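Scroll down for the structure; my scribbles are underneath it.
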Amino acid sequence: MAVVLGTFNESADGGESRHVVAVDAPRKQGLYDEKFRKAFIHMIKTPEDKGLISTHLFYDIPREKGTTFSQLSYDARAILSGGHAWERRVEEAVQNKTEQGYWSKDQSVAQYALNNGLLNQLPRGFLRFISYGGGDINAFSGNEMQIMSAAFDIRQDDIVEFCAVDILERFAFNCAIAARNQYGIRTQGVLGDFIYNGHLAIPETKGTPVIMIFGGPFENTPYIKNGRSPEDTTALAWAKMNLQHGLGSVVIKTFDTNQTPDLVNGAYAPRKSFEAFLLSAFARAVQQGVIEDSQYDVFRNWKITSTFNDELKSVELAAKCKEDHEVMIGGTLYSFKERDSRVITLSHKWSKEKQIQIANDAGFDACIYEEPHNQNMLMVATATKKPKQYLLDMLNFQPS
């Protein structure tokens with residue numbers, strides 16, 4: 002029997018994150034499963050709201066024996082497991098140098114920033130590096146570890162700790178282990194949703210926090226027609242970082258400013274592994290009983306389309322219905338018509354000016370590294386003051 006070796010913090014808004022200290026610690030997944038259920042049903046009921054499922058895609062469908070998907074002609078548990086589908090997408094990108102997507106451009110602008118004084122902007126004294134959403138080991142090795150390795154070359158004695166925060170426990174644990182093995186320092190893994198959790202269970206230790214964010218959920222916040230804007234949700238996540246890590250903390254963050262509609266035919270084209278990753282939301286809904294048909298064929302009923310929303314300045318990745326059908330979801334019978342769609346996730350391509358404004362509102366002073374011929378940019382932001390009052394007001398009224 003596995004032993005629970007971890008600490009659980011619950012915030013006022015019902016958020017929870019876990020400090021992972023052993024590989025055999027079982028997941029306390031109930032909170033995130035319930036959040037997924039609410040988000041999935043919201044997406045199905047309200048198609049005008051977009052990108053509600055982004056963080057929920059990073060999930061491993063359990064491999065235990067059972068009748069779910071057993072009558073399908075393909076192994077839905079393996080193919081449509083979100084965490085593994087994402088790893089396959091990254092592995093394929095690494096092998097295919099011409100289609101590496103955002104991470105190759107992130108790696109390039111990070112190297113450019115390192116060559117042009119990035120490390121000089123880090124504060125003196127002890128440092129502890131924190132990764133928000135490092136993801137699979139290929140992306141983590143090329144992105145966060147590029148920054149950390151450069152810092153270790155000149156400031157090894159100053160770097161005291163590394164902490165990996167991820168919505169998928171396996172990713173957090175693997176990144177923490179990789180950093181420990183590479184640098185020989187104390188490392189931690191934290192299971193947490195840094196967009197929607199309150200206070201994350203990151204241990205308080207000495208050293209100025211240096212938070213690294215390469216793309217990720219800060220660029221995938223949802224559009225809710227009668228609710229909070231994507232920009233406000235992102236600014237709120239920045240404000241939480243300010244309050245969690247304190248004044249003086251530093252954020253190193255990449256973002257993509259490419260607003261060319263042809264993006265949908267390049268890095269955001271729905272190739273097989275990418276389509277499986279995005280449609281994994283439906284498979285998770287089947288596995289958890291939200292879709293009340295244990296043999297529901299996701300690939301038969303849905304495909305992924307990619308379009309550029311010029312109003313939002315975001316790529317929309319949507320599930321489009323392939324044929325008319327009915328299915329029970331959350332106790333309600335839904336009738337889908339061919340070409341009905343639901344936007345699974347948004348990938349924002351906001352301008353440099355908007356990114357700076359969001360950071361400023363959250364109390365950060367920011368500077369930008371712009372590599373020639375690369376529309377991915379790198380921001381170094383330092384928390385110098387408390388967030389603006391509108392963000393503090395939103396933090397005091399967080400829906401569950």
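In the working numbering, each residue carries its 1-based index in the sequence shown increased by 1. From the three backbone atoms N, C-alpha and C, an ideal C-beta is built for every residue, glycine too. From a predicted model like this one, the values you see are computed outputs, not experimental measurements.
By Cβ distance below 8 angstroms, which residues in the same chain neighbour Phe163 in space, the five residues on each side in sequence not counted? Only Arg129, Phe130, Ile131, Ser132, Met149, Ala177, Ala180, Arg181, Tyr184, Ile186, Arg187, Thr188, Gln189 meet the Cβ criterion.
Whole-angstrom distance between Asp137 and Glu88, CA atom to CA atom: 6 angstroms
Given a threshold of 16 other Cβ atoms within 10 Å of its Cβ, counted over all protein chains shown, does Pro27 qualify as buried or as exposed? Reliability fails at Pro27, whose pLDDT of 40 lies under 50, so the model's placement of it is uncertain and no value is given.
Mind checking whether Asp159 and Phe195 have CB atoms under 9 angstroms apart? For the pair Asp159 and Phe195, the CB atoms are not nearer than the 9 angstroms cut-off.
Any idea if Leu192 is buried or exposed, counting beta-carbon neighbours within 10 angstroms, 16 or more meaning buried? buried
Looking only at DSSP bridge pairs, what is Pro210 linked to? As a beta-bridge residue in DSSP terms, Pro210 pairs with Arg129.
Could you give the residue range of the alpha helix (DSSP H) that holds Ile357? 353 to 362
Just how far apart, CA to CA, sit Gln108 and Pro271? 23 angstroms
Looking only at its chain, what residues have a beta carbon closer than 6 angstroms to the beta carbon of Ile42, apart from the 5 residues adjacent to it on each side? Gly331
Met329: buried (16+ other C-beta within 10 angstroms of its C-beta) or exposed? exposed
In chain order, what residues of the same chain lie with their CB nearer than 7 angstroms to the CB of Phe278, ignoring the 5 residues before and after it? So the list reads Leu58, Gly83, Ala86, Trp87, Arg90, once near-sequence residues are dropped.
Do Asp362 and Ala240 come within 9 angstroms of each other at the CB atom, strictly closer than that value? yes
Cα-Cα separation between Leu334 and Asp341, rounded to whole angstroms: 16 angstroms
How is Tyr113 classed by DSSP in three states: helix, strand or coil? helix
Asp61 to Asp325 span [Cα, whole Å]: Rounded to whole angstroms, Asp61 to Asp325 spans 29 angstroms at the Cα level.
Whole angstroms are fine: how far does the CA of Gly364 sit from the CA of Gln390? Linking Gln390 to Gly364 through their CA atoms gives a straight-line distance of about 10 angstroms.
For the alpha helix (DSSP H) containing Gly84, list its first residue and its last residue. 83 to 96
Does the beta-carbon of His374 have 16 or more other beta-carbons within 10 angstroms, so that it is buried, or is it exposed? exposed
For Phe430, which option in Leu81, Asp50, Glu65 has the closest C-alpha, if you only look at C-alpha atoms? Examination of residue 430 is not possible in this model, given that the chain is present from 2 through 401 alone.
Quick check on the burial criterion: 16 or more other C-beta atoms within 10 angstroms. Buried or exposed for Ala152? buried
Cβ neighbours of Gln356 in the same chain (closer than 6 angstroms, five flanking residues each side left out): Phe256
For Thr99, count neighbouring C-beta atoms within 10 Å of its own C-beta (all shown protein chains included) and say buried if the count is 16 or more, exposed if not. Legend: pLDDT at Thr99 = 48, less than 50; position of this residue unreliable, value from coordinates given subsequently. Looking at its Cβ environment, which holds fewer than 16 other Cβ atoms inside 10 Å, Thr99 is exposed.
Taking Cβ to Cβ, would you say Ile212 is nearer than 9 angstroms to Val252? yes
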